[in-house]
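Data block below; observations after.
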Amino acid sequence: SKKSDPKKTAPAPDAPEHTRTGMSPEILKAAFIDNLTLAVGRPLETAVPEDWYQAIALSVRDRIMQRWVRQFEKRNAPDVRQVAYLSAEFLPGPHLGNSLLNLGITDNAREALAGQDLDLYIGLEEEPGLGNGGLGRLAACYLDSLATLRYPATGYGIRYEFGIFDQAIKDGWQVETTDKWLLPGNVWEIKRPNFAQVVKIGGHTETFTDQHGAFRVRWIPDRVVVGVPYDTPIVGYLSDSCVLLRLWSAEAAQSFDFADFNRGDYYGAVEEKVFSENISKVLYPNDEQLEGKRLRLEQQYFFVACSIKDMIRLCLRRGSTLERFHEMFCVQLNDTHPAIAVAELMRQLVDKYAMPWERAWDITRRTFSYTNHTLLPEALEKWPLPLFGSVLPRHLEIVYEINRRFLDEVRTRFPGDEDKIARLSIIDESGEKYVRMANLAMVGSHTVNGVAELHSELVKTQLFPDFHDLDPKRFQNVTNGVTPRRFLGLSNPGLTRLIDGCIGDSWLSDLDRLRELEAFAGDAGFQQDWMRIKLENKSRLARIIRDRTGVVVDPTSLFDIQVKRIHEYKRQHLNVLHIITLYQRLKHDPRLQITPRTFLFGGKAAPGYYMAKLIIKLINAVADTVNQDPAVRDLIKVVFLPDYNVKHAQNIYPAADLSEQISTAGKEASGTGNMKLSLNGALTIGTLDGANVEIREEVGAENFFLFGLTCEQAARLRADGYNPGDYCHGDPELRGVIELIDSGLFSHGDRELFRPLTAHLLERDDYLLMADYRPYVNCQQQVGHAYRDCQHWTRMSILNVARMGKFSSDRAVREYAANIWKLKPFTPDP
Ligand code: B1N
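Under UniProt numbering, the residues of the sequence shown are numbered 3 to 832, in order.
Here it is as C-alpha cells:
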C-alpha cells in the first residue's frame, strides 16, 4: 500500500541508505539479524519469537532514536517554547505496531521477515498499563498528535512498577492480579541516571537571613528520594519529529549523608531503599477512596518535583534565566493530580532562586494551564490539612500565602461576601480542614478547560461558578480527540485499505478528509465492501472471544458493545436490564422474532468499589443463564471479555456495530471510546452527555440513536424529588426484570446476591436508571429494527465514519497549541 511507502520519510532516493537506520526491506532485514545477534545475543537458529520481538523492536527504536537526535538542535534553540504535559497517567498501548505504522515501514518489515509472522511478534508485547482509562489514554493520544504535528513536547509522569492490575474473572467475579509489565524487560525506554533529581519529603521549615540580609525559608526534610528518568521517544506519523515521554522512577538516595548511612546501619539503609522505592511502586485505581492516602500524595509530589526541576535545568542549560521560564515552558496540568506543581514552582523560584514573590507568581501564572476531567464530587481531590502539612510542610506555607493574597483580591471585588470567600478559598474550612487541589490549580493557572462543550459549560456553571464570576475569560473548551493512527490505521487495516482506495491515503493525518467518503455512502459496491470488512472484523473478534472465554458467538449478529471502566454512572447495569428484558420477552413468547445480538462488555472495576464489582458479577451471571438457555435460540449471547486494555480495545472497536454510551446526562465529562467506536463505523446509542452531544451534531441526528433525560431534566427531576420505585411499579416489564433478578434465577437461587443492586435502584437510584429504562428499551427496539435494513444501516455507518474528522486528537492538540499554549510547530527539514 502507498501508506507504508518508505520514500515518504526516508532520505532522497539517491542518498545512500544508512546501514544502521535505513528503511528498505533489505536493510531492515540486516538490522533485525544484527540486533538479534548483537543486542539480544541469540543465534538465528535457536531464536524464539520473544527474541525476534526484541530484535525487531530494537531496530525500530534505532530509527526513532535517530529522529530524536536529529531534532536535538532544533528543540534546544533559544527561542523554542515547549509544552510539558504533566500527567499521573499515560496509557500508550503496545509500541511496536504503532511505531512501525508511524515510521511507514510495516510492509517493509513484513517483507524483511520473509514469511515469519510479524503480527505474532507484535502481539507478544506487554503494554504499559500506566493509567486507569480515558484520562491516561488521552495523554497518550496527545503525544502521538504532538509528535505528528511537530510540536516540541515532553510528557512527564510516573514509571509505575505495577500499572493497572490485570483482571481475571473467577466464578463471575473480578479477581485482580499485579501487572508485571516490566518483567520481560522494556526495550523502548532508556534510563537516564545523569538527569536524576533529589526530592525532599516531610520534615519542617526554618527561617534564616541570607548574606544580603533578606528573610528566607529553608525546608529540612526528614526523607529524600531520588527520581531517575526513563525516556521513551514517541515518533510522529510519517514525520521526522519525536516527542519524549519521560517517566520518573523512585530510588533510594545512595550517597545522601543521612543518619543511618553514617552510623553504618547497613540494614537500616536497605530498609530506607525499600521505603523510597515504594513511591513509584503502584498505580492507584480511580474510584478508590484516596482520601488520606499519604503515598498517593507523595507520588504526586515526587513526579511533579522531578519534572519542574528538570525544566529548570533545561531552561538554565539553554542559557536562559528563570525570569523567562514561562517563555521556555508551558505546563499543562492533566486534572488536579499534578496541581502541586503550582506551589512547587513558587518554592523553587522564591526559596531556591531568591526571586521576589510577585515576580515568581507572575511567572507561575503564565506557565500553568489546567484541564478538568470530572464533575463527580467524589473525584475532586482534597487533602486533609495535617497530612498535607506533614508531607509538604513548606508547600503548605506557600499555599497559605497564595491563598491569602488571592482572597485579599477577592475581598476588594466582592466586599462582605464571606460565603463566596469560603467557596473560593484553597483551604476548605467548613469542617475538618482540607487543601482543595482544584482551587489551587484554578488560582495558579492562566486557563482552565473542560473536555467537551457540555462539560466545559458545566465547569463554568456547576463546578466553579465563583471562579467564573471572577474571571470568565479564563475558561475554555477543548473537546477531546483520539488518534486515528492507532485506532483506525493500526487496529482496522481492512477499513483503512478500503478508505485509501477510495479517497487516497492522506486522511490519516488530515481526518477531515474522511468527509469525501460521504459521496460513496449510497454506492452499492462500496457498501458491499464496507459490510464485508465489518464482517471480517467481527469474525476475528468472534475467534478471540471463543479462545478467551469459550463462548461461541455468531459474527452476523448485531455486535452491541460497551467497553469502558465499570462505574454506576456509566450504567452498564442499564444495558443488563435491557438484556434481561429481551430474555424475558423470549421466555414469554418463544416464537418472538428479534434481531440476533451479541452483547459484549469489557472493563475493570476499582478493587474497592463494591457496586461496580457486583455489576460485573451480574453481567457474568446473566451471561451464564442466557447463553445456556435453549429457549433463547441463540438470539442473544452475552460476553464479558476479561482484562480490557488498549491491546484488546484495538481488536474490539473494529468489530462493533453498536456503541453503548449511556451514562446519566451530566456525568461523563467527555468519553473517548465513543469516538473510537464511531470512527470504526459503529452507530451510537447514547444520552446527551459528554462528547456524545457533539458526535451527534457531527454525524447527524438521523444517524444516532438518542434516548434519555437531558442534564437539565435530570437536575429538575432530582430537585422535584425523584422516586425510582414509581417508575418500576408503573412499568410491568421493568418490574418483571427486577423481580427476575431478585428471584435468584441468575444466582443459583440466591435471592440476596444482587439485592444491594436492586434495592439501590428502587430506593435511591442516584444515576436515574429507572427513569431512563423505558426510553432506552424503546430506543434499542429501533436499533434492532434498523439493523435489519442492511443497506440503510451501512449507509449510516459510512456517514458516521465520514463525519468523525472533528474527533481527531490532531484537531484537539492544534486547539491547545493555538489557544492555550501559544506554541509553534517546528518547520520541517528541507
Ligand atoms: O477523562 C477522560 C474523559 O473522556 C472521561 O469522560 C473522564 O471520565 C475521564 C481520578 C480520573 N476523569 N477523571 C478521571 C482518572 C484517574 C483518577 O485517579 C480521576 N478520568 C476521567 C478524558 O478526558
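Glycine included, C-beta positions come from ideal geometry on N, C-alpha and C.
Which listed residue (the options) has its alpha carbon closest to that of residue i
{"i": "ASN482", "options": "THR373, ASP556 and LYS384", "result": "THR373"}
{"i": "ILE581", "options": "LEU759, ARG766, GLY491 and PRO598", "result": "PRO598"}
{"i": "PRO664", "options": "VAL578, TYR612 and PRO609", "result": "Going by the sequence as given, residue 664 is Ile instead of Pro. For the residues VAL578, TYR612 and PRO609, the minimum Cα distance to ILE664 belongs to VAL578."}
{"i": "SER811", "options": "ARG545, TYR239 and ASP168", "result": "TYR239"}
{"i": "GLY604", "options": "GLY135, ASP591 and TYR158", "result": "GLY135"}
{"i": "PRO474", "options": "ARG487, VAL484, PHE489 and SER458", "result": "SER458"}
{"i": "ALA717", "options": "ALA667, PHE707 and HIS750", "result": "ALA667"}
{"i": "VAL640", "options": "LEU620, HIS569 and GLN652", "result": "LEU620"}
{"i": "GLU399", "options": "GLU208, LEU576 and LEU560", "result": "GLU208"}
{"i": "PRO231", "options": "ALA198, ASP224 and ARG425", "result": "ALA198"}
{"i": "HIS569", "options": "GLU28, ALA614 and PRO632", "result": "ALA614"}
{"i": "VAL85", "options": "GLY165, LEU316, ASP514 and TRP509", "result": "LEU316"}
{"i": "PHE561", "options": "LEU637, ARG567 and THR551", "result": "LEU637"}
{"i": "ASN821", "options": "TYR402, CYS244 and THR449", "result": "THR449"}
{"i": "HIS590", "options": "ALA255, VAL739, ALA443 and ASP507", "result": "VAL739"}
With 16 other Cβ atoms within 10 Å as the buried cut-off, status of residue i
{"i": "ALA819", "result": "buried"}
{"i": "GLN301", "result": "buried"}
{"i": "SER6", "result": "Below a pLDDT of 50, predicted positions are generally treated as unreliable, and SER6, at 46, falls in that range; the measurement from the model is reported next regardless. Answer is buried; the Cβ neighbour count reaches 16."}
{"i": "residue 1", "result": "Past the boundaries of the shown model lies residue 1; the chain is included only from 3 to 832, so the question cannot be answered."}
{"i": "ASP81", "result": "exposed"}
{"i": "VAL50", "result": "exposed"}
{"i": "GLU293", "result": "exposed"}
{"i": "CYS792", "result": "exposed"}
{"i": "GLN530", "result": "exposed"}
{"i": "ASN780", "result": "exposed"}
{"i": "GLN784", "result": "exposed"}
{"i": "PHE277", "result": "exposed"}
Residue i in three-state terms, based on DSSP
{"i": "HIS206", "result": "strand"}
{"i": "ASP81", "result": "coil"}
{"i": "ALA254", "result": "strand"}
{"i": "ASN110", "result": "helix"}
{"i": "VAL428", "result": "According to the sequence displayed, residue 428 carries Ile and not Val. If DSSP states are grouped into helix, strand and coil, ILE428 belongs with coil."}
{"i": "THR666", "result": "coil"}
{"i": "GLY496", "result": "helix"}
{"i": "TYR55", "result": "helix"}
{"i": "GLU178", "result": "strand"}
{"i": "ILE596", "result": "coil"}
{"i": "LYS9", "result": "Bear in mind that the predicted position of LYS9 carries a pLDDT of just 42, short of 50, making it unreliable; the figure below should be weighed with that in mind. Reduced to three states, the DSSP call for LYS9 is helix."}
{"i": "LYS639", "result": "strand"}
{"i": "residue 833", "result": "Outside the displayed span of the chain (3 to 832) sits residue 833, for which this structure offers no information."}
{"i": "THR829", "result": "coil"}
{"i": "SER26", "result": "coil"}
{"i": "PHE34", "result": "helix"}
{"i": "residue 842", "result": "Nothing about residue 842 can be reported from this structure: the residues present for the chain run from 3 to 832 only."}
{"i": "ASP728", "result": "helix"}
{"i": "ARG805", "result": "coil"}
{"i": "LYS172", "result": "strand"}
{"i": "TYR436", "result": "strand"}
{"i": "PHE390", "result": "helix"}
{"i": "GLY270", "result": "helix"}
{"i": "PRO15", "result": "Caution applies to PRO15, whose pLDDT of 47 falls short of 50 and renders its modelled position unreliable; the value that the coordinates give is listed next. In the structure shown, PRO15 sits in coil (DSSP, three-state: anything other than H, G, I, E or B)."}
{"i": "TYR87", "result": "strand"}
{"i": "PHE709", "result": "coil"}
{"i": "ILE568", "result": "coil"}
Any C-beta of chain B under 7 Å from that of residue i
{"i": "ARG406", "result": "Reference to chain B is not applicable here, since this structure consists of a single protein chain."}
heavy atom of the ligand ADP below 6 Å from residue i C-beta
{"i": "THR666", "result": "With respect to the ligand ADP, the structure offers nothing, as its ligand set consists of the ligand B1N."}
What are the complete alpha helix (DSSP H) segments, minimum 4 residues, inside the region 136-170? Counting whole runs of 4 or more residues, the region 136-170 contains the alpha helix (DSSP H) stretches 136-150.
Going residue by residue through the region 741-781, where are the continuous alpha helix (DSSP H) segments of at least 4 residues, counting only ones entirely within it? Scanning the region 741-781 from its first residue to its last, the whole alpha helix (DSSP H) runs of 4-plus residues come out as 757-765.
Give, in chain order, every unbroken run of the beta strand (DSSP E) that is at least 3 residues long and sits entirely within the region 292-380. As far as the region 292-380 is concerned, its whole beta strand (DSSP E) runs of at least 3 residues are 331-336 and 370-373.
Evaluate the contact criterion for the region 687-704 versus the region 596-612: three or more CB pairs, one atom per stretch, below 8 Å. Touching, no.
Quick one: any contact between the region 674-686 and the region 757-772, if contact means 3 or more CB pairs under 8 Å? Contact fails between the region 674-686 and the region 757-772, because fewer than three Cβ pairs, one in each stretch, are under 8 Å apart.
Do the region 232-247 and the region 65-77 make contact, defined as three or more Cβ pairs closer than 8 Å? With the cut-off at 8 Å, the region 232-247 and the region 65-77 touch.
Under 8 Å: do the region 797-812 and the region 516-525 share three or more Cβ pairs, one atom per stretch? Three or more Cβ pairs drawn from the region 797-812 and the region 516-525 lie within less than 8 Å of each other, which places the two stretches in contact.
Enumerated in chain order, which unbroken segments of the beta strand (DSSP E) with a length of 3 residues or greater are wholly contained in the region 604-662? The beta strand (DSSP E) runs lying completely inside the region 604-662 and spanning 3 residues or more are 638-642, given in chain order.
So, does the region 166-177 touch the region 211-218, judging by three or more C-beta pairs under 8 Å? Fewer than three Cβ pairs drawn from the region 166-177 and the region 211-218 lie within less than 8 Å of each other, which leaves the two stretches out of contact.
Touch check for the region 344-360 and the region 107-114: three-plus C-beta pairs under 8 Å? Cβ pair count under 8 Å is below three, so no.
Quick check: the region 125-144 against the region 75-94, are there 3 or more CB pairs under 8 Å? Touching, per the Cβ criterion.
Flag this pair as touching only if the region 461-481 and the region 498-515 have three or more C-beta atom pairs under 8 Å; answer yes or no. Cβ pair count under 8 Å is below three, so no.
At what residue ranges does the region 431-488 contain a whole run of the beta strand (DSSP E), taking only runs of 3 or more? Those beta strand (DSSP E) runs which fall completely within the region 431-488 and span 3+ residues are 436-438, 449-452 and 477-479.
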